[in-house]
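**Q**
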Amino acid sequence: MSLPDKTIAMEEAIAAIPDGATVMVGGFGVPGTPFTLIRELVRQGKRNLTLIKNDANEAGMGIDHLIMAGQVRKLIVTHLGLNGNAIAAMNEGRIEVEFCAQGILAERIRAGGAGLQAILTDIGLDTELAAGKQVVEMDGKRLLVEPAIRADVALIHADCADPSGNLTYLATARNFNPPMAMAAARVLVEAERLVPLGDISPDAVETPGVFVDHVCPLIQISEEYGVVRR
Amino acid sequence: MSLPDKTIAMEEAIAAIPDGATVMVGGFGVPGTPFTLIRELVRQGKRNLTLIKNDANEAGMGIDHLIMAGQVRKLIVTHLGLNGNAIAAMNEGRIEVEFCAQGILAERIRAGGAGLQAILTDIGLDTELAAGKQVVEMDGKRLLVEPAIRADVALIHADCADPSGNLTYLATARNFNPPMAMAAARVLVEAERLVPLGDISPDAVETPGVFVDHVCPLIQISEEYGVVRR
Amino acid sequence: MSDGNFQDPRIRMVARAAREIAPGMVVNLGIGLPTKVIDHLSGDFPVCLHTENGMAGIGPTLPYEKADRNLIDAGGAYVSPIPGSSYFDSTVSFALVRSGRLDLTMLGAFEVAENGDLANWKIPGKFSPGAGGAIELAQKARRVVVLTTHTDRKGNPKLLRHCTLPLTAKGHVARIFTDLAVVDVTPRGFQLVELAGGITAREVQEATGATLLLPTGNIPTF
Amino acid sequence: MSDGNFQDPRIRMVARAAREIAPGMVVNLGIGLPTKVIDHLSGDFPVCLHTENGMAGIGPTLPYEKADRNLIDAGGAYVSPIPGSSYFDSTVSFALVRSGRLDLTMLGAFEVAENGDLANWKIPGKFSPGAGGAIELAQKARRVVVLTTHTDRKGNPKLLRHCTLPLTAKGHVARIFTDLAVVDVTPRGFQLVELAGGITAREVQEATGATLLLPTGNIPTF
Numbered sequence: 000m001s002l003p004d005k006t007i008a009m010e011e012a013i014a015a016i017p018d019g020a021t022v023m024v025g026g027f028g029v030p031g032t033p034f035t036l037i038r039e040l041v042r043q044g045k046r047n048l049t050l051i052k053n054d055a056n057e058a059g060m061g062i063d064h065l066i067m068a069g070q071v072r073k074l075i076v077t078h079l080g081l082n083g084n085a086i087a088a089m090n091e092g093r094i095e096v097e098f099c100a101q102g103i104l105a106e107r108i109r110a111g112g113a114g115l116q117a118i119l120t121d122i123g124l125d126t127e128l129a130a131g132k133q134v135v136e137m138d139g140k141r142l143l144v145e146p147a148i149r150a151d152v153a154l155i156h157a158d159c160a161d162p163s164g165n166l167t168y169l170a171t172a173r174n175f176n177p178p179m180a181m182a183a184a185r186v187l188v189e190a191e192r193l194v195p196l197g198d199i200s201p202d203a204v205e206t207p208g209v210f211v212d213h214v215c216p217l218i219q220i221s222e223e224y225g226v227v228r229r
Numbered sequence: 000m001s002l003p004d005k006t007i008a009m010e011e012a013i014a015a016i017p018d019g020a021t022v023m024v025g026g027f028g029v030p031g032t033p034f035t036l037i038r039e040l041v042r043q044g045k046r047n048l049t050l051i052k053n054d055a056n057e058a059g060m061g062i063d064h065l066i067m068a069g070q071v072r073k074l075i076v077t078h079l080g081l082n083g084n085a086i087a088a089m090n091e092g093r094i095e096v097e098f099c100a101q102g103i104l105a106e107r108i109r110a111g112g113a114g115l116q117a118i119l120t121d122i123g124l125d126t127e128l129a130a131g132k133q134v135v136e137m138d139g140k141r142l143l144v145e146p147a148i149r150a151d152v153a154l155i156h157a158d159c160a161d162p163s164g165n166l167t168y169l170a171t172a173r174n175f176n177p178p179m180a181m182a183a184a185r186v187l188v189e190a191e192r193l194v195p196l197g198d199i200s201p202d203a204v205e206t207p208g209v210f211v212d213h214v215c216p217l218i219q220i221s222e223e224y225g226v227v228r229r
Numbered sequence: 000m001s002d003g004n005f006q007d008p009r010i011r012m013v014a015r016a017a018r019e020i021a022p023g024m025v026v027n028l029g030i031g032l033p034t035k036v037i038d039h040l041s042g043d044f045p046v047c048l049h050t051e052n053g054m055a056g057i058g059p060t061l062p063y064e065k066a067d068r069n070l071i072d073a074g075g076a077y078v079s080p081i082p083g084s085s086y087f088d089s090t091v092s093f094a095l096v097r098s099g100r101l102d103l104t105m106l107g108a109f110e111v112a113e114n115g116d117l118a119n120w121k122i123p124g125k126f127s128p129g130a131g132g133a134i135e136l137a138q139k140a141r142r143v144v145v146l147t148t149h150t151d152r153k154g155n156p157k158l159l160r161h162c163t164l165p166l167t168a169k170g171h172v173a174r175i176f177t178d179l180a181v182v183d184v185t186p187r188g189f190q191l192v193e194l195a196g197g198i199t200a201r202e203v204q205e206a207t208g209a210t211l212l213l214p215t216g217n218i219p220t221f
Numbered sequence: 000m001s002d003g004n005f006q007d008p009r010i011r012m013v014a015r016a017a018r019e020i021a022p023g024m025v026v027n028l029g030i031g032l033p034t035k036v037i038d039h040l041s042g043d044f045p046v047c048l049h050t051e052n053g054m055a056g057i058g059p060t061l062p063y064e065k066a067d068r069n070l071i072d073a074g075g076a077y078v079s080p081i082p083g084s085s086y087f088d089s090t091v092s093f094a095l096v097r098s099g100r101l102d103l104t105m106l107g108a109f110e111v112a113e114n115g116d117l118a119n120w121k122i123p124g125k126f127s128p129g130a131g132g133a134i135e136l137a138q139k140a141r142r143v144v145v146l147t148t149h150t151d152r153k154g155n156p157k158l159l160r161h162c163t164l165p166l167t168a169k170g171h172v173a174r175i176f177t178d179l180a181v182v183d184v185t186p187r188g189f190q191l192v193e194l195a196g197g198i199t200a201r202e203v204q205e206a207t208g209a210t211l212l213l214p215t216g217n218i219p220t221f
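Protein chains in written order, with numbering that gives the first Met the number 0: chain D, 0 to 229; chain B, 0 to 229; chain L, 0 to 221; chain X, 0 to 221.
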């Protein structure tokens, strides 16, 4: 019994993403954003993408590059208040934006990764986020049906990976990465460190390699990953 | 900013459980079963309990003591094939038993801990486990409504705890413990080791202390926790 | 606070709000004004601060030179851990919120209604960046309080009979801290609880878009 | 296998089933007969074995003296880790199953029907210990195969036109390995694929409670 080596060149991993793909992107602000995978997606010019992400990063960072390059058709996010470019693109109709309550976006992604079809929740009832959503009555209470979300691809940033795809994260760089790493047909990971198989204790694994398709070790950590001085 | 000390004597923690309580009990087979908390529940003679657990342990072990002492009104489990006493008690009508598919029991508990009202799933459709359950149609597909489960009390076994209730688990002793540790009004933990606040790295915490109410360090590890020779 | 009258009214209201935090609470401080409450808590005050991007047990904010690039709060400030801190993913973070483990949240507001309705995320046609985690915080924290100036920049009241903007959550606000007063939401409407030093009940009523119920007897000041 | 005829029929069927596992697969071996498949995999065979109580990357089973009291498989056997193993809780374990990350599961059976229906968890009035994880494994693994004796202890067929017992899952079984044959479930019913050495197609048909489709040409043996 032995486990596979899933390391791959980043160029090759991104090349397999078709135009029109639905792509989950980890991160909340800077921490956990897969900046290098995003840069490669920009470089390869994939178009007509639907991105699922907590936020739209800030102007000049992360998925803003994809938005500004006109590669994004639709964004599913919880807020994009820190990125004026994204707000302008939305207001001018250059991108379609779907807003989701933050924890419900996380749960819908997790439900996709867990092979559930939907969750029932009272979050957003009596707000305009409930508009158009299916309502179910359970024990006399009205609940919203929030369907599971899956993507064609998930772009994940990990601190540490082994060749079989076991991952660990650091501090608040975890955020949306673990649920997204379970919820896509192809899960692509950029890892700050690649360690030999067996170096991550089985108890310490945060995303089991079974969920991961490709591991791309980062050769360098660009300034995008650094501390932002506002 | 500092965190509370939640350590407590086991006798006191169990004394707060009323007769008739619904109690989640961690464990899958021996690993992760809170044998010492169960023993104290037996000793204090709490009655009319509803237990939620993956399995019924084996004859002479774990919750079998509660069943044999007549303290259990109802069991919600995924299987009890390894405990002839439990099967007999079920067949003779001394306990009521509700069966649930294993992963769906885990998800229903998790949904309770996550403040969701229910999940929608196709698991168990076309089987007798679907009998009597609410069905919802979504995108033309029939799905079962599986309601979230919460309990009055959860009994958790951890390898390591700090005084604020941060927990880690070992190997397959994790199983149902993390979701149950989020899904009860009072979460009681027995821990093989109690370490000082700050000794568990914030990245290594598997159950955050925020979810935990009481930590009972184990003074000794009884033979029930050992290797079973069949 | 005896010297309350001489303080900046915003600092005074933040300091008053900080006293709302009882020892042992689990608290989420919303982005903006509420985050400043942290400056009024002593370093060893027994409180577990939560941030929805995935941390319980927030310690002091760090200057850029000392910041950990992987450790921010939901507002983007660089924070630090304390003994017993834990990190978790976004599903666990909101599990904590929705399942009732959050004792208190302090949020900003565009409008608060006398029935406890809150609007703080969208001004149609002007400002619609998405609600982030505000909807769940406002709907599910055990106690929801609001920290806001009593009126907007143009002097219009923010405490109203009915909200006019899209709601964040319906009927969950329990108390409002402003630069003028502390106001409770009661079944009978807004109840004046405390006055900022030097402010009269009449001035508060004039700055409020709904009827204020007055307490019998002296009104405490802060 | 040239010496197949001389082996214990059960060992032979387990060995044949083991060859169903392709390199790189993620596989769950059900409790009972399927677990024995592990004995027919070489120590370095590239496969990720999953057990639903919370582990991926199962290594060899350990004797009691060497067992770790915290490390069992779902059947209660003491197992060991390999480089790259991971442990996780029950929600993650079944997330893996339900979301299609399990390439193959091998399950035992009381009955299998020619349309792929499986019954393996309950005999009303006699045996109803609960299904454990069997329903999700049988419904959601990408490929579901069954490992069973061709007939029960009384000689009654287990491969039937219709299941008579409560179903575990409807229409998901793709292939059946027995002591007599390898049989595929096809849109037209049971298709004989291979014969155990020394067994004739006629003998398999006589032990089967539904019509067997025969291949044209020679039938391979195992």
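Backbone N, C-alpha and C define an ideal beta-carbon position, used for all residues, glycine too.
#1: Expressed to the nearest angstrom, what Euclidean distance is found between the alpha-carbon atoms of residue 57 (chain B) and residue 38 (chain X)?
#2: Between residue 168 (chain D) and chain B, is the shortest Cβ-Cβ distance under 9 angstroms, so that the two count as touching?
#3: For residue 100 (chain B), which residues in chain D fall below 9 angstroms Cβ to Cβ?
#4: DSSP three-state label for residue 34 (chain B), please.
#5: Please confirm whether residue 25 (chain D) and residue 154 (chain D) have their CB atoms less than 9 angstroms apart.
#6: Applying a beta-carbon distance threshold of less than 8 angstroms, which residues of chain D neighbour residue 86 (chain X)?
#7: Excluding sequence positions up to five away, which residues of its chain have a Cβ less than 7 angstroms from the Cβ of residue 86 (chain B)?
#8: Between the segment 159 to 177 of chain D and the segment 0 to 7 of chain D, can you find at least three pairs of beta-carbon atoms closer than 8 angstroms?
#9: Using three-state DSSP, classify residue 116 (chain B) as helix, strand or coil.
#10: What does the Cβ neighbour count give for residue 63 (chain D), buried or exposed, with the cut at 16 atoms within 10 Å?
#11: So if DSSP puts residue 63 (chain L) in a beta bridge, which residue, or which two residues, is it bridged to?
#12: Check the C-beta distance from residue 141 (chain L) over to residue 101 (chain L) and give it rounded, since I have them as a contact under 8 angstroms.
#13: Is it right to say residue 161 (chain X) is buried, meaning 16 or more other beta carbons lie within 10 angstroms of its own, or is it exposed?
#14: Tell me which same chain residues have a C-beta within less than 7 angstroms of the C-beta of residue 199 (chain D), skipping the five on either side of it?
#15: Would residue 210 (chain B) count as contacting chain L if we go by Cβ distances under 9 angstroms?
#16: Can you tell me which residues form a DSSP beta bridge with residue 27 (chain X)?
#17: Would you say residue 178 (chain D) reaches chain B, if we count a Cβ-Cβ gap shorter than 9 angstroms as a contact?
#18: Give a yes or no on whether the C-beta atoms belonging to residue 52 (chain L) and residue 104 (chain L) are separated by under 9 angstroms.
#19: In chain order, which beta strand (DSSP E) runs of at least 3 residues are fully inside the segment 120 to 176 of chain D?
#20: Between which two residues does the alpha helix (DSSP H) carrying residue 67 (chain D) extend?
#21: Using a Cβ cut-off of 8 angstroms, which residues of the segment 144 to 157 of chain B contact any Cβ in chain D, in chain order?
#22: Give me, in chain order, the residues of the same chain whose beta-carbon lies closer than 8 angstroms to that of residue 217 (chain X); leave out the 5 immediate sequence neighbours on both sides.
#23: Can you tell me whether residue 213 (chain B) is helix, strand or coil according to DSSP?
#24: Within the continuous alpha helix (DSSP H) that includes residue 191 (chain B), where are the two ends?
#25: Using the beta-carbon of each residue, which ones in chain D are nearer than 7 angstroms to residue 139 (chain X)?
#26: According to DSSP, is residue 39 (chain B) helix, strand or coil?
#27: Beta strand (DSSP E) containing residue 85 (chain X): first to last residue?
#28: Could you please tell me which residues of the segment 114 to 132 of chain B, in chain order, have their CB closer than 9 angstroms to any CB of chain X?
#29: Measure from the alpha carbon of residue 206 (chain X) to the alpha carbon of each residue in X:220, X:172, X:182, then state which is nearest.
#30: Need the endpoints of the beta strand (DSSP E) that residue 7 (chain B) sits in, please.
#31: Could you check the C-alpha separation between residue 61 (chain B) and residue 99 (chain L) for me, to the nearest Å?
#32: Which whole-angstrom value is the C-beta distance of residue 50 (chain L) and residue 73 (chain L), which I expect to be below 8 angstroms?
#33: For residue 224 (chain B), count neighbouring Cβ atoms within 10 angstroms of its own Cβ and tell me buried if that reaches 16, exposed if not.
#34: At a Cβ threshold of 9 angstroms, is residue 138 (chain B) touching chain D?
#35: I want to verify the contact list: residues of chain X whose CB lies under 8 angstroms from the CB of residue 104 (chain D), in sequence order.
#36: Can you tell me which of D:97, D:114, D:156 puts its alpha carbon nearest to the alpha carbon of residue 128 (chain D)?
**A** In short:
#1: Distance between the alpha carbons of residue 57 (chain B) and residue 38 (chain X): 27 angstroms.
#2: Yes - at least one Cβ of chain B is within 9 angstroms of the one on residue 168 (chain D).
#3: Neighbours of residue 100 (chain B) on chain D: none; closest Cβ ~12 angstroms, over 9 angstroms.
#4: Looking at residue 34 (chain B) - three-state DSSP - the assignment turns out to be helix.
#5: It is a contact, given that the beta carbons lie within the stated cut-off.
#6: For residue 86 (chain X), the residues of chain D that pass the 8 angstroms Cβ criterion are 201, 202, 204, in the order they occur in the chain.
#7: The answer, listed in chain order, is 79.
#8: Yes, they touch.
#9: When secondary structure is reduced to three states using DSSP, residue 116 (chain B) falls in the coil class, being assigned neither helix nor strand.
#10: So residue 63 (chain D) ends up on the buried side.
#11: Answer is none; residue 63 (chain L) lacks a bridge partner.
#12: The Cβ separation is near 7 angstroms, so the contact holds.
#13: Counting Cβ neighbours within 10 Å, residue 161 (chain X) comes out exposed, since fewer than 16 surround it.
#14: Scanning its chain for C-beta atoms nearer than 7 angstroms, with the 5 sequence neighbours on each side dropped, one finds around residue 199 (chain D) the residues 159, 161, 165, 167, in chain order.
#15: Chain L places a beta carbon closer than 9 angstroms to that of residue 210 (chain B), counting this residue as a contact.
#16: DSSP lists X:49, X:104 as partners of residue 27 (chain X).
#17: It does not; no Cβ of chain B falls within 9 angstroms.
#18: If you check the CB distance, residue 52 (chain L) and residue 104 (chain L) do not come in under 9 angstroms.
#19: Along the segment 120 to 176 of chain D, the beta strand (DSSP E) occurs as fully enclosed runs of 3 or more residues at 134 to 137, 140 to 146, 150 to 160, listed in sequence order.
#20: In the DSSP assignment, residue 67 (chain D) falls within the alpha helix (DSSP H) that extends over 63 to 67.
#21: Of all residues in the segment 144 to 157 of chain B, 144, 146 have a Cβ within less than 8 angstroms of some Cβ in chain D.
#22: Result list for residue 217 (chain X): empty, nothing under 8 angstroms.
#23: Strand at residue 213 (chain B).
#24: In the DSSP annotation of this structure, residue 191 (chain B) is not part of any alpha helix (DSSP H); the continuous beta strand (DSSP E) holding it starts and ends at 183 to 193.
#25: Listed along the chain, the chain D residues whose CB falls inside 7 angstroms of the CB of residue 139 (chain X) are 114.
#26: Helix at residue 39 (chain B).
#27: Counting along the chain, the beta strand (DSSP E) containing residue 85 (chain X) begins and ends at 79 to 86.
#28: Cβ contacts with chain X: 120, 121, 122, 123, 124, 125, 126, 127, 128.
#29: Checked all of X:220, X:172, X:182; the closest Cα to residue 206 (chain X) is X:182.
#30: For residue 7 (chain B), there is no enclosing beta strand (DSSP E), since its DSSP letter is neither H nor E.
#31: The straight-line gap from Cα to Cα measures roughly 30 angstroms.
#32: Contact holds; Cβ gap of about 5 angstroms.
#33: When all chains shown are included, residue 224 (chain B) counts as buried.
#34: Contacts with chain D at 9 angstroms (Cβ-Cβ) include residue 138 (chain B).
#35: Below the 8 angstroms Cβ cutoff, chain X contributes no neighbours of residue 104 (chain D), its closest Cβ being approximately 17 angstroms away.
#36: When only C-alpha atoms are compared, the closest one is D:97.
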